[in-house]
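Trainee: Numbering (this note's numbering), first residue to last: 663 to 1067. C-beta: ideal position from N, C-alpha, C; glycine also. Structure incoming, see below.
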């Protein structure tokens, strides 16, 4: 029996209205996250995703439209470029050496978790290699890497939606664990914790939400906006042309060349590499652009709205429990590797917590946790180190996804 699809209230070709819905809901999600503590704890990404799911499942907006294709094709690449403008490799090593080391250790834990989880669940979860690539990118970098990997491996929309739900639920649960760890006697006994001690000695008062605190108002000029957006378009355009050229000239005659074709023919990898090089070797130019991170983050929220659109609630109920288990395996291995190595090599408790947080949630959540805990001396370094995860996350994600095919 053929299933008759109901027409949505907003038609797929009503471009302006759909763009208004997508951008408006992304903006409203950010507003809620910064206005209310409950929304800050839930996260704007979940609000954006769940809201879009409801709108599409209630047939208010369509599940397919050229607008969504434009978000994948244009918005996501621009977001990747904008979010890497502060990623000066020299600065990362100079200012954040210890945090970078334990962060990279945790990244290895993420890769191990992806592979162990794949071996355990590959027979019961379809397309698990694609999930492994997306989650490796996400659990080393952040949302931007998840977006890049889902595009790089042409992940089905429903699989992306189900994975995002499982990912964000697990991530939220893990953040509660990380927030609680400094007050648990076992960890206080076995790790040094200078920043916790400092805060307990002087006390701290709570103010606005963590999101509002982190994304506070900053000075920004017309020139900043123009340079940020203009340079992002140029970087993406050059990257797309380069990736197309590499894909055309690198043959597929053997597995090694096929791997090179996949890597160098991937526009997301070229965008990442080019932006990293510009940020490192032109730090005075790119490092001085105000507002790039804010613009890039807003674009990522638009991506999460679009990710929620094709989600079948029934499918997510069916698939997410297993995907939640897979994400749980990755997080558990990341945590074990990070904290065991931190203990052996005498890293502080705060360094281990923030490094694991930056792996699983990205620089924004790690910096937000440091802010909420009052570990002000670690806010800048973990933000820089977590941003470095945006770079290596794409490399590791592509590597894992191709190995597990």
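Determine the closest residue to residue 999 out of 759, 735, 767, 697, with distance taken between C-alpha atoms.
Mentor: Comparing Cα positions, the closest option is 767.
Trainee: Pairs of beta-carbons, one from the stretch 922 to 937 and one from the stretch 743 to 756, closer than 8 Å: are there three or more?
Mentor: Contact holds: three or more Cβ-Cβ distances are below 8 Å.
Trainee: Measuring only the C-alpha atoms, how far is residue 1013 from residue 764?
Mentor: Approximately 8 Å between the Cα atoms of the pair.
Trainee: Which of the three DSSP states, helix, strand or coil, is assigned to residue 772?
Mentor: Helix.
Trainee: Kindly list the residues whose CB is nearer than 8 Å to the CB of residue 1058, restricted to its own chain and excluding five residues on each side of it in sequence; keep chain order.
Mentor: Closer than 8 Å at Cβ, skipping near neighbours: 769, 772, 773, 798, 799, 802.
Trainee: Considering just the uninterrupted stretch of the alpha helix (DSSP H) at residue 943, what are its terminal residues?
Mentor: Here the alpha helix (DSSP H) through residue 943 covers 929 to 943.
Trainee: Over what stretch of residues does the alpha helix (DSSP H) that includes residue 824 continue unbroken?
Mentor: Residue 824 -> alpha helix (DSSP H) spans 819 to 842.
Trainee: Just verifying my parser: in three-state terms, what is the DSSP assignment at residue 784?
Mentor: Coil.
Trainee: When you compare only the Cα positions, how much space is there between residue 1007 and residue 1047?
Mentor: Those two C-alpha atoms are separated by around 19 Å.
Trainee: Enumerate, from N- to C-terminal direction, the unbroken alpha helix (DSSP H) stretches of 4 or more residues contained entirely within the stretch 989 to 1043.
Mentor: Within the stretch 989 to 1043, the complete alpha helix (DSSP H) runs of at least 4 residues are 1011 to 1023, 1025 to 1035.
Trainee: Buried or exposed: which applies to residue 884, given that a residue is buried once 16 or more other Cβ atoms fall within 10 Å of its Cβ?
Mentor: Result: exposed.
Trainee: Taking Cβ to Cβ, would you say residue 825 is nearer than 8 Å to residue 985?
Mentor: Contact: yes.
Trainee: Quick one: any contact between the stretch 935 to 947 and the stretch 683 to 690, if contact means 3 or more CB pairs under 8 Å?
Mentor: The stretch 935 to 947, when compared against the stretch 683 to 690, does not touch it at the 8 Å Cβ threshold.
Trainee: Check residue 665 in the structure and name its three-state DSSP category.
Mentor: Confidence at residue 665 is low in this model, with a pLDDT of 39, below 50, so the placement of that residue should be treated as unreliable; the coordinate-derived value is given next. It is coil, neither helix nor strand.
Trainee: From the DSSP output, in three-state form, read off residue 855 for me.
Mentor: Three-state DSSP puts residue 855 in coil, outside helix and strand.
Trainee: Using CA coordinates, which residue listed in 983, 1054, 953 is at the minimum distance from residue 878?
Mentor: For the residues 983, 1054, 953, the minimum Cα distance to residue 878 belongs to 953.
Trainee: So is residue 851 buried or exposed if we call it buried at 16+ other beta carbons inside 10 Å?
Mentor: Classification for residue 851: exposed.
Trainee: If the criterion is Cβ atoms closer than 8 Å, does the pair residue 890 and residue 951 meet it?
Mentor: Yes, these two residues count as a Cβ contact at 8 Å.
Trainee: Applying the 10 Å Cβ sphere with the 16-neighbour rule, what's the burial state of residue 914?
Mentor: So residue 914 counts as exposed.
Trainee: Please confirm whether residue 748 and residue 929 have their CB atoms less than 8 Å apart.
Mentor: No, Cβ-Cβ distance for residue 748 and residue 929 is not below 8 Å.
Trainee: To which residues of the same chain is residue 886 closer than 7 Å at the C-beta, ignoring the five residues directly before and after it?
Mentor: Here the set comprises 951, 952, 953.
Trainee: Within the same chain, show all residues whose beta-carbon is closer than 8 Å to that of residue 920, passing over the 5 residues directly before and after it, in chain order.
Mentor: Answer for residue 920: 914, listed in chain order.
Trainee: Less than 7 Å between C-beta atoms, sequence neighbours within five positions excluded: which residues of the same chain meet that for residue 807?
Mentor: Correct list, in chain order: 799, 800, 1052, 1055, 1056, 1059.
Trainee: Excluding sequence positions up to five away, which residues of its chain have a Cβ less than 7 Å from the Cβ of residue 867?
Mentor: Here residue 867 scores only 44 on pLDDT, less than 50, and its place in the model is too uncertain to base an answer on.
Trainee: Helix, strand or coil: how does DSSP classify residue 736 here?
Mentor: Three-state result, residue 736: helix.
Trainee: For residue 886, name the three-state secondary structure that DSSP assigns.
Mentor: Looking at residue 886 - three-state DSSP - the assignment turns out to be helix.
Trainee: Where does the unbroken alpha helix (DSSP H) through residue 956 begin, and where does it stop?
Mentor: Run containing residue 956: 954 to 970, per the alpha helix (DSSP H) assignment.
Trainee: Taking Cβ to Cβ, would you say residue 1005 is nearer than 8 Å to residue 853?
Mentor: It is a contact, given that the beta carbons lie within the stated cut-off.
Trainee: With distances taken Cα to Cα, identify the nearest neighbour of residue 828 among 1001, 1019, 982.
Mentor: Considering only alpha carbons, the answer is 982.
Trainee: Using the beta-carbon count (16 or more within 10 Å), is residue 728 buried or exposed?
Mentor: The residue is exposed, with fewer than 16 neighbouring Cβ atoms inside 10 Å.
Trainee: How is residue 901 classed by DSSP in three states: helix, strand or coil?
Mentor: Note: residue 901 maps to helix in three-state DSSP.
Trainee: Going straight from the alpha carbon of residue 734 to that of residue 813, what length do you get?
Mentor: Spanning the two alpha carbons is a distance of roughly 7 Å.
Trainee: Verify whether the separation of the beta carbon atoms of residue 718 and residue 969 is less than 8 Å.
Mentor: Not a contact, by the Cβ cut-off of 8 Å.
Trainee: Label residue 736 either buried or exposed according to how many other C-beta atoms from any shown protein chain fall within 10 Å of its C-beta, with 16 as the threshold for buried.
Mentor: Exposed, since its Cβ has fewer than 16 Cβ neighbours within 10 Å.
Trainee: If I follow the unbroken alpha helix (DSSP H) through residue 808, where does it start and stop?
Mentor: Here the alpha helix (DSSP H) through residue 808 covers 805 to 814.
Trainee: Skipping 5 residues on each side, what residues in its chain have a beta carbon closer than 6 Å to that of residue 857?
Mentor: Contacts found: 1012, 1037.
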